[in-house]
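The structure under discussion appears below in the form of structure tokens.
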Amino acid sequence: MRFKMTDQTYRLELKNIVKSFPGVMAVRDVTLAAYFGEILALVGENGAGKSTLMNILSGALIADSGMILLDGNEVRITSPRRAQELGIAMIHQELALIPQMSVAQNIFLGREPLQVSGILVDTKKMQADAQVIINQLGLDFAVSAIISDLSIAQRQMVEIAKAISIKSRVIILDEPTSALSERESVKLFEMMHTLREQKVTLIYISHRMEEIFSFSDRIAVMRDGQLVGVEPTGNLSINSVVQMMVGRELKEFFPKTETEIGEIVLEAYGLRSGSRLKNASLFLRRGEIVGLAGLVGSGRTEIARVLFGADPLEAGEIIVAGQKVKIQSPEEAIRLGIGLVTEDRKAQGLFLRQSVRSNASITLFTKFSRFGFLQVKKIDRWIRSAINQLNIRTPNLEQHVGNLSGGNQQKVVIARWLALNPQILILDEPTRGIDVSAKAEIHNLMGELASKGMAILMISSELPEILGISDRILVMREGRLMAEFSRLDATQDKIMQAATGQLENAGINLNE
Amino acid sequence: MNKKTLQRFLSLVRANSSLVILLLVALPISLLSPDFLTGNNLLTVALQTSMIAIAAIGMTFTLITGGVDLSVGSVAALTGALAAGLATKSGLGTYPAILVALSAAALVGAFNGALIAWGRIPPFVATLASMAAARGLTLVYTEGRPISGLDKLFTFWSSDFHGIPIPLFVLIFVAIVAYIILHRSIFGNYVFAVGGNEETSRLAGISPIKIKFGVYIISALCAGLTGLLLTARLWSAQPNSGTGLELDAIASSVLGGASLMGGAGSVTGAIIGTFIIGVLTNGLNLLEVPSYNQQVIKGMMFIIAVLLDYLLKSRLKKS
Ligand SMILES: Nc1ncnc2c1ncn2[C@@H]1O[C@H](COP(=O)(O)OP(=O)(O)OP(=O)(O)O)[C@@H](O)[C@H]1O
Ligand SMILES: [Mg+2]
Chain A
1 MRFKMTDQTY RLELKNIVKS FPGVMAVRDV TLAAYFGEIL ALVGENGAGK STLMNILSGA
61 LIADSGMILL DGNEVRITSP RRAQELGIAM IHQELALIPQ MSVAQNIFLG REPLQVSGIL
121 VDTKKMQADA QVIINQLGLD FAVSAIISDL SIAQRQMVEI AKAISIKSRV IILDEPTSAL
181 SERESVKLFE MMHTLREQKV TLIYISHRME EIFSFSDRIA VMRDGQLVGV EPTGNLSINS
241 VVQMMVGREL KEFFPKTETE IGEIVLEAYG LRSGSRLKNA SLFLRRGEIV GLAGLVGSGR
301 TEIARVLFGA DPLEAGEIIV AGQKVKIQSP EEAIRLGIGL VTEDRKAQGL FLRQSVRSNA
361 SITLFTKFSR FGFLQVKKID RWIRSAINQL NIRTPNLEQH VGNLSGGNQQ KVVIARWLAL
421 NPQILILDEP TRGIDVSAKA EIHNLMGELA SKGMAILMIS SELPEILGIS DRILVMREGR
481 LMAEFSRLDA TQDKIMQAAT GQLENAGINL NE
Chain B
1001 MNKKTLQRFL SLVRANSSLV ILLLVALPIS LLSPDFLTGN NLLTVALQTS MIAIAAIGMT
1061 FTLITGGVDL SVGSVAALTG ALAAGLATKS GLGTYPAILV ALSAAALVGA FNGALIAWGR
1121 IPPFVATLAS MAAARGLTLV YTEGRPISGL DKLFTFWSSD FHGIPIPLFV LIFVAIVAYI
1181 ILHRSIFGNY VFAVGGNEET SRLAGISPIK IKFGVYIISA LCAGLTGLLL TARLWSAQPN
1241 SGTGLELDAI ASSVLGGASL MGGAGSVTGA IIGTFIIGVL TNGLNLLEVP SYNQQVIKGM
1301 MFIIAVLLDY LLKSRLKKS
């Protein structure tokens, strides 16, 4: 038995943690402690090493050196399983549930209660136990619901339920709100506060400053693999945190470039597809950034997908540059000059096991080729300039995209569309998981593209972003376009009201 | 051993794992049998191996898309039979006959591709069906009997040039063309993309259907070439030639690093993989292991190789 002289108010201490990957020093000598029952926010630019540090804590990665103390005792966390046994659970940036299985099955995956026989799963007990947790968290879906039928927000709640079911003392959430609407986020934070009351330590990573300042107790800032500061939230301001993150001052978060708005390039009438998109009409103009707001599941992504030919259009009409068109595949959409940055980068945006080079250049092959052969040099030159322009952090072009940090992965997807220079670019949650300075860069870029005559449709769940850069704002609810606001008329309240149905037919109603 | 050097060593091994396996197989054989490392024997290995390697290269294309082509053996037989039959009986001339036969192979490939790409039939099922159908066609066409009487123009392809078997040159030619297509052309890059993530590819403006259609044609053409070489070598078309070719081709591709899940594979890998199997078979023959036992050893060997590959991969991931 060893005795420790450490301060017992710390639940968790990380000491001198170092972790490097080939070509990258991801975490450099980080020392960080967390109290019993606190919400500690971890912030930093894309690639700063946040996920890596937390992966070390949750056993997904093993540190090169350093020490971890839990309740004052040194622990060796060699696997996710060991972390679970120690009461440390991590909810990943990309959710890790099995889509075909039920809520209860997912919560107890690998720890299914057995019947007396010791062989068969005691489904009744499993469902009952799951129900207790679901009730405790105040969730409104059934334990028998299949994961793939749940919204992303609900899936996140299932992950948390899972963490609670293993009696976790430390719960780490890696960008939990990046896929949630404002409202759903609030619900999540209420739940986090309940857990905090129960003395659970919560560490959460986020790029959303407003949120961090309203809900966290302390903020830890990382830059280039190092911890640059930890302070109680009250002692900090958004500006000071951003300054710590990027090492310099950032002037405006949502810079708006004024552009000349030109003629209409795309018109769509009465779009209908599947159960999510019922009736929507809209138009896009050259040089204009149109923001598409609405709750998650209101049919925004579906609009993007039918305009891009990714889903079949069941009714409605699309006119591009004055010509009525039938867009039956993304291939045709690209030929018409339409590009789409998808919302789910892992499933739809990236080839995770392939290099940064292939991922960034896949749409360029036809442009940079001769007689069917790739002009590798030209492609490389272009990619290098895109990497510079978007400030993508990667040791080289050969790196597997799956090894990049989340935000940098998103930038690779955006890079793919830049060289094609489409007339119409649709971006579905383009800055999800992207740090403040990169976000500003992407917004700048959108402004720049618009000023060159591109028509941009941006879907976003972040109202400040929508309000900040859109020239015109459309709001959807339950598969229908409910309202349209000009840049000057729009306010956060009006948009929320239109999105939740408290304000019927605001602005110019586009539906007959 | 020091951790860094061990790591570096492991990643070197991993990057060239198929070559390492080839050495691991060749080493004991060369120690046990003095005949192994003689020029004559090596040329025999090269001859036998090059023919299978061509089919393995084609197979690699389908594996990369996440599919498989079980019909290669039957397509090889069909192509050989058609070429021999047309060349000897129709008065069509040897080379036109070969061209017609290769077109027939491409047609079978297109049929597979259409079923898989447009019909959305799983590759395993579609090509299993055409494996039976093409074999049946071969038997119907040959009436179950070998077709012999090939002329010099035909048998030339199994002769040698200053001792080096012509099929080896054919393999080199096919390998270069395949390498350029797979690793340098748009089509090849799309093959990897579709195998890596079909939905992402579609949303990037690629048509996965066309790519899938294409790889089965390539696979069938390669199988057809193998069939022609086999025919040339036996101086006759055998209705049952090429049986089991699919297994050899799949095993070779996988030993050479192709993933059965799609998204990975290479032309050089396929060739090295075939040589692993070729050297092993040759060694077992030299050591006079009965052929039934050889089957068992080959099967085991394949499993060990795949396991080894998997272990090295996960070992590297952890560190
Ligand atoms: N498995 C890996 N192999 C190689 N490099 C890696 C691997 N995982 C992470 N990295 C690199 O380590 C650095 C830190 O990555 P990490 O994912 O921790 O960043 P992050 O702070 O979570 O960023 P984001 O906000 O974008 O999610 C990055 O440069 C990343 O490319
Ligand atoms: Mg991260």
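In the order they appear, the protein sequences are chains A and B. Numbering follows my numbering, with no gaps: position 367 of the first sequence is 367. In my numbering, each residue carries its 1-based index in the second sequence increased by 1000. By construction, the Cβ of each residue, glycine as well, lies at the ideal position given by its N, Cα and C atoms. Just so it is clear, the structure is predicted and the values come from calculations on it, not from any experiment.
Practice task
Go ahead and label Gln105/A buried or exposed: buried means 16 or more other beta carbons lie within 10 angstroms of its beta carbon, across all protein chains shown.
Solution key: buried
Practice task
Return yes when the C-beta of Leu404/A is under 7 Å from any heavy atom of ligand 1, and no when it is not.
Solution key: yes
Practice task
Report the option in Ala1015/B, Ala1081/B, Phe1192/B, Tyr1216/B whose CA atom is closest to the CA atom of Ile1147/B.
Solution key: Ala1081/B
Problem - Partners in chain B for Ile334/A, counting only beta-carbon separations shorter than 8 Å - result: Gly1205
Exercise for the section: For Ser58/A, verify whether its CB is less than 7 Å away from any heavy atom of ligand 1. Expected result: no
Practice task
Report the rounded CA-to-CA distance for Leu1006/B versus Ala1015/B, giving the unit in angstroms.
Solution key: 14 Å
Exercise for the section: Could you name the residues of the stretch 1189–1214 of chain B whose beta carbon sits closer than 8 Å to any beta carbon of chain A, in the order they occur along the chain? Expected result: Asn1189, Tyr1190, Phe1192, Ala1193, Gly1196, Asn1197, Glu1199, Thr1200, Ser1201, Arg1202, Leu1203, Ala1204, Gly1205, Ile1206, Ser1207
Problem - Ile107/A (DSSP reduced to helix, strand or coil) - result: helix
Practice task
Check whether the Cβ of Thr1231/B sits closer than 7 Å to any heavy atom of ligand 1, and report yes or no.
Solution key: no
Handout entry: Ser51/A beta carbon near ligand 2 (any heavy atom closer than 7 Å)
Key = yes
Practice task
Return helix, strand or coil for Val1267/B, following the three-state DSSP convention.
Solution key: helix
Exercise for the section: Specify, as a first and last residue, the run of the alpha helix (DSSP H) that Thr500/A falls within. Expected result: 492–500
Exercise for the section: Check each residue of the stretch 1078–1093 of chain B: if its Cβ is closer than 9 Å to any Cβ of chain A, include it; give the result in chain order. Expected result: none
Handout entry: Arg300/A beta carbon near ligand 1 (any heavy atom closer than 7 Å)
Key = no
Practice task
Indicate whether at least one CB of chain A lies closer than 8 Å to the CB of Arg1184/B.
Solution key: yes
Exercise for the section: Tell me the start and end of each unbroken alpha helix (DSSP H) in the stretch 1115–1163 of chain B that is at least 4 residues and wholly inside, in chain order. Expected result: 1123–1142, 1152–1155
Exercise for the section: Answer yes or no: do Thr413/A and Gly349/A have a C-beta to C-beta separation smaller than 8 Å? Expected result: The amino acid at residue 413/A is misidentified as Thr; the sequence shows Val. Yes; because the gap between Cβ atoms is below 8 Å, this pair is in contact.
Exercise for the section: Tell me whether Ile205/A counts as near ligand 2, meaning its Cβ is closer than 7 Å to at least one heavy atom of that ligand. Expected result: yes
Practice task
Would you check if the distance between the CB atom of Ile172/A and the CB atom of Leu292/A is smaller than 8 Å?
Solution key: no
Practice task
Could you name the residues of chain A that Phe1187/B contacts, counting a contact when the two beta carbons are closer than 8 Å?
Solution key: Gly372
Problem - Where Gly349/A meets chain B, residues with beta-carbon distance less than 7 Å - result: Thr1200
Exercise for the section: Within 10 angstroms of the Cβ of Ala1360/B, are there 16 or more other Cβ atoms? Answer buried if so, exposed if not. Expected result: The question about residue 1360/B has no answer, for chain B in this structure spans 1001 to 1319.
Practice task
Check the Cβ of Gly1263/B against every Cβ in chain A and list those closer than 8 Å, keeping chain order.
Solution key: Phe351, Arg353, Gln354
Practice task
For Met458/A, name the three-state secondary structure that DSSP assigns.
Solution key: strand
Handout entry: Chain-order list of residues whose beta-carbon lies under 6 Å from that of Gly309/A (same chain, five-residue window excluded)
Key = Ile327, Gln328, Ser329, Pro330, Glu332, Ala333
Handout entry: Interface flag, Pro99/A vs chain B, CB-CB below 8 Å
Key = no
Practice task
Return the residues of the stretch 406–437 of chain A that lie within a Cβ-Cβ distance of less than 8 Å from chain B, sorted by chain order.
Solution key: Arg416
Problem - Limits of the alpha helix (DSSP H) - the one that Asp1248/B falls within - result: 1245–1255
Exercise for the section: Could you spell out where the alpha helix (DSSP H) holding Phe1036/B opens and where it closes? Expected result: Phe1036/B -> no alpha helix (DSSP H), and no H or E assigned at all.
Practice task
Kindly indicate which residue of Ile160/A, His207/A, Arg82/A, Leu180/A has the alpha-carbon position closest to the one of Ala48/A.
Solution key: His207/A
Exercise for the section: Return helix, strand or coil for Met25/A, following the three-state DSSP convention. Expected result: strand
Exercise for the section: Return the first residue and the last residue of the beta strand (DSSP E) that Gln131/A is part of. Expected result: From DSSP, Gln131/A is part of no beta strand (DSSP E) but of the alpha helix (DSSP H) over 123–136.
Handout entry: Check: Arg393/A C-beta below 7 Å from any heavy atom of ligand 1
Key = yes
Exercise for the section: Check whether the stretch 429–443 of chain A touches the stretch 148–166 of chain A, counting contact only when three or more Cβ pairs, one atom from each stretch, lie closer than 8 Å. Expected result: no
Problem - Buried/exposed call for Arg1135/B, threshold 16 Cβ in 10 Å - result: buried
Handout entry: Check whether Thr31/A and Leu14/A have beta carbons under 8 Å apart
Key = yes
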